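Remarks on the structure that follows.
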Amino acid sequence: MFFKSLLFLSVLFLDCFETQFFVAAKLPQSEVYALNRIAKTIGATDWNFDANACGVMKIPVIETDPTTNITCNTVNNTSHIIAIKFKRWSLSVVLPTELVQLPYIEEM
């Protein structure tokens, strides 16, 4: 009985934490470069993206601070940016040309 309980708990533990311990999906370097260029273009000088850039990049200190959210899709341990959402950025209508370096982007 002890063995069955131990086996069950082991499987449950590995199942719950599998993505954190065994899967480390990264962005391709070309997409990291594009994100850093986009940040520079829009004036976000305090951002420095790396291969772990998927997710919320900056939490606002106050509600009116600019924020961004990056959504990725992961296939075969490689992530690709599919959406970028900028909140409270006073962006011009001209999109940064570096967006063409994000071939999987679906939403802005």
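If you read the sequence shown in numbering that gives the first Met the number 0, its first letter stands for residue 0, the second for the next number, and so on. For glycine and all other residues, C-beta sits at the position ideal for the given N, C-alpha and C. Bear in mind the structure is a predicted one, so any value in this text is a computation, not a measurement.
Where residue i falls, given that 16 or more other Cβ within 10 Å makes a residue buried
i, result
"E105", "exposed"
"S29", "exposed"
"L94", "exposed"
Assigned secondary structure, residue i (DSSP; H/G/I helix, E/B strand, else coil)
i, result
"E105", "coil"
"N68", "strand"
"F48", "coil"
Residues bridged to residue i (per DSSP)
i, result
"S78", "T73"
"K25", "T77"
Any chain C beta carbon closer than 8 Å to residue i
i, result
"N47", "Protein chain content of the structure displayed is limited to a single chain, and chain C is not contained in it."
Integer Cβ distance of residue i from residue j, believed to fall under 8 Å
i, j, result
"I81", "T70", "6 Å"
"K84", "N68", "5 Å"
Proximity test, residue i beta-carbon vs the ligand SAM heavy atom, cut-off 7 Å
i, result
"N47", "With respect to the ligand SAM, the structure offers nothing, as it holds no ligand at all."
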